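Each remark here refers to the structure printed beneath this line.
Number of protein chains: 2
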Amino acid sequence: MEKKEERTELEKLGEFGLIEHLTKGFSLTNNSTALGIGDDAALIDAGDHYQVVSTDVLVEGIHFDMSYFPLKHLGYKAVAVNVSDIAAMNATPEQVLISLAISNRFSVQALETFYAGVQQACADFKLDLVGGDTSSSAGGLFISVTAIGKVAKDKVSKRGGAKGKDILCATGDLGAAYMGLQVLAREKQVFMANPNMQPQLDKYEYLVGRQLKPTARMDIIYELDELGVVPTSMIDISDGLASELLHLSKQSGLGLRIFEDKLPIDNQTYETAVEFGLDPITCVLNGGEDYELLFTITQNDFEKLEKHRDIHFIGYMDETDKEAGLVTKNESWIPLKAQGWNHFGKEGNV
Amino acid sequence: MEKKEERTELEKLGEFGLIEHLTKGFSLTNNSTALGIGDDAALIDAGDHYQVVSTDVLVEGIHFDMSYFPLKHLGYKAVAVNVSDIAAMNATPEQVLISLAISNRFSVQALETFYAGVQQACADFKLDLVGGDTSSSAGGLFISVTAIGKVAKDKVSKRGGAKGKDILCATGDLGAAYMGLQVLAREKQVFMANPNMQPQLDKYEYLVGRQLKPTARMDIIYELDELGVVPTSMIDISDGLASELLHLSKQSGLGLRIFEDKLPIDNQTYETAVEFGLDPITCVLNGGEDYELLFTITQNDFEKLEKHRDIHFIGYMDETDKEAGLVTKNESWIPLKAQGWNHFGKEGNV
């Protein structure tokens, strides 16, 4: 007789819960391991500095849809999202390794286009491609990227370093990549219903660009260094602002509050959200794929960044309260909830 | 009118040719990049030592068949094959990152089993699991592993360091993992034809173990260090001895000769090859997945290794001739050809 085995579905735990669950029995034993799982990147003690290592996978049908994602942009994005993780440690990326599993429906020319995007990203972020692996695939395109960077030991920014009253800063604007995805998904539906229809994307150029051509904010990392500011904590905004704020709050052991009227949102994002019947603030909080930086600074450093055109002061860490919440325009308090992607749940992001 | 685009199939270039083709336009610009693509691992200059980085992908239906590959062994193997690459640089592995793309047909319990294998490998090879990424997958299981190690600058062994008259050494025995795969594939066919048949594996236990539970020869790396031997060149035997010999020959710019009667083969491998109507020497030369080490030593170091129970002296580098070949028992000369896997070709290895 067959033994009935217990079965828990992956979606029950979600991505973060799953990783935590699967790795809880592991311990760190090597002296050179300065930081393991649970931040944007791992830290390896290399003597006078840390090597910083981060890895990400991009899966066809989950992270991208080949029907509207140009291969060159995909190559660029695969590198950029990893650079973003290195940036989030206040580090400088230097090497990258790229592995692919590819089905035979791709031609050599298609891969050349993908690598042209990789090469552009390597040039933009001053990276050397030093390795990888290539395999065939029976089901779709898989991309795995590992980026390696370097940071002086006294310059590293972790998620858990924020102190009470530190100021919360977000770069760029948020929610645009998510709205870009909504636009692309709608135009795909229109096209599938009637292949003679041309996609109407002009009006949404910024949003679509944010989805298809994300960049990593190394410019901010270099500027912070020039200005003599070391963020007390930092994380990149990949799963949505709310999710990242909760990581900073939990790992720093502090509450925090952000203010609705301080959240950076582009006009096109706002207007398109309204057009789609979505709440713009929800898009900002839970959209994902912004690849901007969220960080905290001491109040003493505020002056140095006050006039920066692209750094927004959205709130502060709160030592008096462990809760993380949003103060709305009419001064009500809304506790933050992570509604980032759960790849294993019913709703994917494609 | 649609423009007719040129299309070259992936299989035309093969795995090594494809990587070479796609990365030929890339250059190395960072001072910290000591060695890029083209060896078992990349080298990053970390001051007084190198960080060594290697990455591999394992794809369901290409590298493993879930119908006979136990998940725990798969977790172990995913780590071991990367450790083998670090070993091949004469380095010590210290950290590992594991990324998975998993379809919903896997349960949390199945992944726990996979991670139990990962944990066993981390314990055996003294590795810390420091990162990774987890995603869902629309098509099959995809595993990407990155291993990071360390080596003193004067101890590193690259593929291209062999000198004329250096002695070629191979560890363990070869061809067994390949024959294990043949056995598993045959038993699967029998089982599919008649599900009441129990697989007959007892007789092939060693071979099946070599396929399902490969290890990495870190024991050899530690012993070489104790004996004061730094291999002049080294590579791990993953794609078949012939393929690896050709890498050493090409990258060292020398010919080489190996001797049929010196090739290490287990009795079970020999007998099973004969049973399957295969030439045992072909299995040794082209089987793949041995994860043993192939290296060269100077003649001066021969004495130190002469009595080693598991290091076999299979031939020597030849500066008088650029050819790589096998001297048979009856003293004829057979040029070596790489017949390692071409994932993109018609014949996969599953």
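Going down the list, the sequences are from chains A and B. What the first sequence shows, in the working numbering, is residues -5 to 344, in sequence order. What the second sequence shows, in the working numbering, is residues -5 to 344, in sequence order. No residue lacks a Cβ here, since even glycine has one placed at the ideal position from N, Cα and C. All values derive from a computational prediction rather than experimental measurement.
Determine whether the Cβ of residue i lies closer than 8 Å to any Cβ atom of chain A.
i: B:LYS256; result: no
i: B:HIS15; result: yes
i: B:TYR310; result: no
i: B:LYS152; result: no
i: B:LYS147; result: no
i: B:THR23; result: yes
i: B:ASP50; result: yes
i: B:GLU283; result: no
i: B:GLN45; result: yes
i: B:PHE136; result: yes
i: B:ALA332; result: no
i: B:GLU3; result: yes
i: B:ALA179; result: no
i: B:LYS316; result: no
To which residues of the same chain is residue i closer than 7 Å at the C-beta, ignoring the five residues directly before and after it?
i: B:ALA355; result: One cannot answer for residue 355 of chain B here, as it falls past the ends of chain B, which runs -5 to 344.
i: B:ASP160; result: THR226, THR290, ILE291, THR292, TYR310, MET311
i: A:GLY154; result: SER227, GLN245, SER246
i: A:VAL327; result: In the sequence under discussion, the amino acid at residue 327 of chain A is Trp, which differs from the Val named in the question. Closer than 7 Å at Cβ, skipping near neighbours: GLY319, VAL321.
Consult DSSP for residue i and reduce its assignment to one of helix, strand or coil.
i: A:VAL75; result: helix
i: A:LYS149; result: coil
i: A:LYS224; result: Lys is not the amino acid found at residue 224 of chain A; the sequence shown has Val there. A:VAL224: coil per DSSP, three-state reduction.
i: B:ILE252; result: strand
i: A:LEU7; result: coil
i: B:HIS302; result: coil
i: B:ASP230; result: strand
i: A:LEU94; result: strand
i: B:MET83; result: coil
i: A:GLU88; result: strand
i: B:ASP312; result: strand
i: A:ALA318; result: strand
For residue i, which residues in the same chain have their Cβ closer than 8 Å to its Cβ, ignoring the five residues on either side in sequence?
i: A:GLU181; result: TYR62, PRO193, GLN194, LEU195
i: B:ILE214; result: ALA81, THR165, LEU287, ASP304, ILE305
i: A:VAL202; result: GLY174, VAL177, LEU178, LEU195
Among the residues of its own chain, which have a CB less than 6 Å from the CB of residue i, if the five just before and after it don't count?
i: A:GLU283; result: ALA171
i: A:ASN76; result: SER48, ASP50, VAL139, ALA141
i: A:ASP33; result: LYS152, ARG153
i: A:GLU238; result: ILE229, ILE231, LEU288
i: A:THR128; result: LEU94
i: B:THR263; result: GLY169, ALA170, MET173
i: B:THR107; result: LEU65, LYS66
Determine, using beta carbons only, whether residue i comes closer than 8 Å to chain B.
i: A:GLY55; result: yes
i: A:ARG251; result: no
i: A:SER26; result: yes
i: A:PHE307; result: no
i: A:GLN89; result: yes
i: A:SER237; result: no
i: A:THR322; result: no
i: A:ILE80; result: no
i: A:SER348; result: Given that chain A is displayed from residue -5 to residue 344, the structure contains no residue 348 of chain A and the question cannot be resolved.
i: A:PHE20; result: yes
i: A:LYS182; result: no
i: A:ASP122; result: yes
i: A:ASP219; result: no
i: A:SER130; result: yes
i: A:ARG260; result: Note that residue 260 of chain A is Asp in the sequence shown here, rather than Arg. Judged by the 8 Å Cβ criterion, A:ASP260 is not in contact with chain B.
**OP:** Note down, one range per segment and in chain order, each beta strand (DSSP E) of at least 3 residues found wholly within the region 155 to 208 of chain B.
**Re:** 161 to 165
**OP:** Scan the region 96 to 146 of chain A and note each continuous alpha helix (DSSP H) run of 4 residues or more that stays entirely inside, going in chain order.
**Re:** 102 to 118
**OP:** Taking only runs that begin and end inside the region 250 to 296 of chain B, name each unbroken alpha helix (DSSP H) of 4 or more residues, in chain order.
**Re:** 261 to 269, 274 to 280
**OP:** Run through the region 9 to 71 of chain B for me and flag every whole beta strand (DSSP E) of 3 or more residues, listed as ranges in chain order.
**Re:** The beta strand (DSSP E) runs of length 3 or more contained entirely in the region 9 to 71 of chain B are, from start to end of the chain, 27 to 29, 36 to 39, 43 to 53.
**OP:** Note down, in chain order, all residues in the region 161 to 175 of chain B with a beta-carbon under 9 Å from any beta-carbon belonging to chain A.
**Re:** none
Original post:
the region 58 to 77 of chain A: which residues have C-beta closer than 9 Å to a C-beta of chain B, in chain order?
Top reply: Residues passing the 9 Å Cβ filter: none.
**OP:** Report the residues of the region 97 to 119 of chain B with a CB closer than 7 Å to any CB of chain A, ordered along the chain.
**Re:** ASN98, PHE100, SER101, VAL102, GLN103, LEU105, GLU106, TYR109, GLN113, CYS116
Subject >> chain B contacts made by the region 224 to 248 of chain A, where a contact means CB separation under 7 Å >> reply: none
Original post:
Using Cβ-Cβ distances below 9 Å, what residues of the region 197 to 215 of chain B are close to chain A?
Top reply: Residues of the region 197 to 215 of chain B with a C-beta less than 9 Å from any C-beta of chain A: none at all.
**OP:** Using a Cβ-Cβ cut-off of less than 8 Å, list which residues of the region 272 to 299 of chain A approach chain B; keep chain order.
**Re:** none
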